[in-house]
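Numbering follows this note's numbering, in which position 102 of the sequence shown is assigned residue number 102; successive positions increment by one, without gaps. We treat Cβ as the ideally placed atom computed from N, Cα and C, and that holds for glycine.
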Amino acid sequence: MRSFKSSFLGFKQKFLADFSCLPQKYEVVYRVFLENKVNESIAVEVALPLPIGVKSFVLAPHKAEVKVEPKLGNTYAVWSLELPPKESTALHAKCIADCFPQAKKCENNITADEYHKDALYKLYSKSNRFISPNNAKVRELAKRIVKIEKTPCKIAKNIHEYLVNTLAYGNPMQELYSCEDALEKSAVDCGGFSALFASLCIASGIPARIVFGFWAGYKINTMHAWVEAMLPNGTWISADPSVEHLRKLGRTSKRGSFGFVGSDRIALSHGCDFDIEIGDKTVRVDILQNPIVHSSAGDGSVEVKYEFLTQRLL
Numbered sequence: 001m002r003s004f005k006s007s008f009l010g011f012k013q014k015f016l017a018d019f020s021c022l023p024q025k026y027e028v029v030y031r032v033f034l035e036n037k038v039n040e041s042i043a044v045e046v047a048l049p050l051p052i053g054v055k056s057f058v059l060a061p062h063k064a065e066v067k068v069e070p071k072l073g074n075t076y077a078v079w080s081l082e083l084p085p086k087e088s089t090a091l092h093a094k095c096i097a098d099c100f101p102q103a104k105k106c107e108n109n110i111t112a113d114e115y116h117k118d119a120l121y122k123l124y125s126k127s128n129r130f131i132s133p134n135n136a137k138v139r140e141l142a143k144r145i146v147k148i149e150k151t152p153c154k155i156a157k158n159i160h161e162y163l164v165n166t167l168a169y170g171n172p173m174q175e176l177y178s179c180e181d182a183l184e185k186s187a188v189d190c191g192g193f194s195a196l197f198a199s200l201c202i203a204s205g206i207p208a209r210i211v212f213g214f215w216a217g218y219k220i221n222t223m224h225a226w227v228e229a230m231l232p233n234g235t236w237i238s239a240d241p242s243v244e245h246l247r248k249l250g251r252t253s254k255r256g257s258f259g260f261v262g263s264d265r266i267a268l269s270h271g272c273d274f275d276i277e278i279g280d281k282t283v284r285v286d287i288l289q290n291p292i293v294h295s296s297a298g299d300g301s302v303e304v305k306y307e308f309l310t311q312r313l314l
């Protein structure tokens, strides 16, 4: 006879797995805590990414400006404030977010020749500091994975399976690992898996982009990154190689695979290595996921803490 504890744990694992397969509505609060660590008043500017697809937000304090970065269309709020010596304050963005599982099967009768090489195709086929499709090692690896396959969806699936079975997950960080890091380091986090996936897809003629956000519906919602590949008909297919890798090893009960990501995540931005406006400055950011804080007194003058809270409403 199974013990109560083992039965409860089994139920808990099933529940956590199943709720991500159903539509969810969340109350989301993204809160930032700031503390002035110096003996003078300082001017502080804070940029906070806002969930994709949400139109209505409560921002506190209310004197915040909502901006859209022009390259990729990511939305964020900006606060400008004075923080007295040794004083603390808190900011937050609050909203209701509807999340749906993203499930898609390959259309194996569509070939790469059917891509319309328009502005969107070109936008997500570019290289940057983290995605390097023209790297010699990336191109050689892409050729070995693709072989003679001509169908973009199957190519992307083969890339996903290669990463699941080859990379090692570890050493998570707030910044983004590059595709070179994923090739050279002994372990990388979800961002490293995603950067290499995107690089290999683009090297194979398939536009791709990384999605940045947070887990949702759990007691603790940590950062996460996954990836999307664009198909010739202009639709996107999701992939989450790091989660499938961890699930295969028994290190997570969360779900994510090629063609499926659950409703237990909230996307905040697409893409990496772009400019945003904070106050009167243009700032190059690696990713738009965590709070970005600038102080007139320089680095170390403000202590920054944050929390991403979600409450399931359905």
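Within the model, the alpha-carbon separation for residue 193 versus residue 142 is close to 15 Å. A straight line joining the alpha-carbon of residue 262 with that of residue 294 spans about 34 Å. For residue 219, the three-state secondary structure derived from DSSP is coil. Contact between residue 266 and residue 26 holds: their C-beta atoms lie close to 7 Å from each other, under 8 Å. Residue 226 is positioned such that its CB atom lies no closer than 8 Å to that of residue 179. Between residue 69 and the set 166, 47, 82 and 83, the nearest pair of CA atoms involves 47. In this structure, DSSP gives residue 83 an extended state, which the three-state scheme calls strand. Contact holds between the segment 80–87 and the segment 27–47, because three or more Cβ pairs, one in each stretch, are under 8 Å apart. The segment 121–135 makes no contact with the segment 93–107; the number of CB pairs closer than 8 Å stays below 3.
In this structure, DSSP gives residue 284 an extended state, which the three-state scheme calls strand.
Per DSSP, the continuous alpha helix (DSSP H) segment holding residue 158 begins and ends at 152–166. Beta bridge pairing from DSSP links residue 172 with no other residue. Residue 257 has 260 as its beta-bridge partners, per DSSP. For residue 184, there is no enclosing beta strand (DSSP E); the residue is part of the alpha helix (DSSP H) that begins and ends at 179–184. Residue pairing of residue 40 in beta bridges, as defined by DSSP: absent, with no partner found. Around the C-beta of residue 195, 16 or more other C-beta atoms lie within 10 Å, and the residue is accordingly described as buried.
Here residue 93 is actually not in contact with residue 119; their C-beta atoms are around 30 Å apart, not less than 8 Å. Between the C-alpha atoms of residue 228 and residue 256 there is a straight-line separation of about 12 Å. The beta carbon of residue 150 sits closer than 7 Å to those of 111 and 112, all from its chain and outside the five residues before and after it, given in chain order.
A distance below 6 Å between beta-carbons, with the five flanking residues on each side excluded, links residue 35 to the following residues of its chain, in chain order: 88 and 303. Counting along the chain, residue 308 sits inside the beta strand (DSSP E) bounded by residues 302–312. Residue environment: residue 242 is assigned as buried (16 or more neighbouring CB atoms within 10 Å of its CB, all protein chains considered).
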